[in-house]
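Written below as structure tokens is the structure these notes are about.
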Amino acid sequence: MSPHSLIYIADPMCSWCWGFSLVLEEIRRLFQDRVTFQLMLGGLRPGNTERFDESRRVYILQHWHAVHERTGQPFNFDFQMGPTFTYDTEPASRATVVVRQLAPGKEWDFLKGVQEAFYVQNADVTKAEVLDELAVPLGMEASQFHQSFQDSQTKQLLWEEFDQSRQLGVSGFPTLLGRKGQSVSALMHGYQDVKTLAPVIEQFLQKVA
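Using the numbering used here, the first residue of the sequence shown is number 478, and each one after it goes up by one.
See below:
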């Protein structure tokens, strides 16, 4: 196992992270034999209680159109949520932590599943029952997943992870950091395509070799 790691900091309900999804898959494929990948949840809008009115919907859709135009990733622009919907990214992030605990390595598939459910199917991924359904196809036992999801310790671990990302200087997503021992350097802030990002990672790996 490589002593070095690439830390991908994201949020399941970050539209640019969804836009970066295919790039991430290709980057992992290109470098998986040379470096360890770590997923860290950064916390886009955890605990948000702001009512999702029409003006907020229009604002969000502007971002979605920008991501679609830049990356080609699919979106369902109808995006009609009920009157009780709030753009709280904590539940989906917490569910990702649960998957990582119960089935290490599956958190990457779960992240993509949540993104597809939200951006393409317009599923309300702030709801526990929706997240339960997304976890089961990955081999999670529903009751065990739900119990861990509701556990106060899981919530604490997640908020500690949010704090850790901020301590690393991360304030936006997606972000990619390179770690060698205790030394961490920024490789990407915001969306980049494979052609741009791959040489940056290659340079990092050559420096730490």
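Note that CB positions come from ideal geometry on N, CA and C, so glycine has one too.
All values derive from a computational prediction rather than experimental measurement.
Query raised in the report: Would you call the region 577-592 and the region 612-623 touching, i.e. three or more CB-CB distances under 8 Å?
Result: The region 577-592 vs the region 612-623: in contact.
**Report entry** Inter-residue spacing [alpha-carbon to alpha-carbon] between Thr603 and Arg547
**Finding:** Looking up residue 603 in the sequence shown gives position 126. Looking up residue 547 in the sequence shown gives position 70. Taking the Cα positions, Thr603 is about 26 Å away from Arg547.
Requested in this report: With a 10 Å radius around its C-beta and 16 neighbouring C-beta atoms as the bar for buried, classify Tyr536 as buried or exposed.
Outcome: Within the sequence shown, the letter at position 59 stands for residue 536. Exposed, because fewer than 16 other Cβ atoms sit within 10 Å of the Cβ of Tyr536.
Report task. Check the DSSP bridge columns for Leu653 and list the partner residues they point to. Result -> Here residue 653 refers to the residue found at position 176 of the sequence shown. Looking at the DSSP assignment, Leu653 forms a beta bridge with Tyr485 and Met665.
Report task. Kindly give me the distance between the Cβ atoms of Asp670 and Asn599, rounded to whole angstroms, as I take these residues to be in contact under 8 Å. Result -> Your numbering for residue 670 matches position 193 in the sequence shown. Your numbering for residue 599 matches position 122 in the sequence shown. 26 Å between Cβ atoms; not a contact.
**Report entry** Of the residues Asp530, Phe552 and Leu579, the one placed nearest Thr563, counting alpha carbons only
**Finding:** On the sequence shown, position 86 is the one that residue 563 refers to. With distances taken between CA atoms, Thr563 lies nearest to Asp530 out of Asp530, Phe552 and Leu579.
Query raised in the report: What three-state label does DSSP hand Leu521 in the structure shown?
Result: As a first step, residue 521 is located in the sequence shown; it is residue number 44 there, counting from the start. The answer is coil: DSSP assigns Leu521 none of H, G, I, E or B.
Query raised in the report: Using DSSP with H/G/I as helix, E/B as strand and the rest coil, what is Arg528?
Result: Along the sequence shown, one-based indexing puts residue 528 at 51. In the structure shown, Arg528 sits in a strand (DSSP, three-state: E or B).
Report task. List the endpoints of the continuous alpha helix (DSSP H) containing Arg511. Result -> Position 34 of the sequence shown holds residue 511. Per DSSP, Arg511 belongs to no alpha helix (DSSP H) and is neither H nor E.
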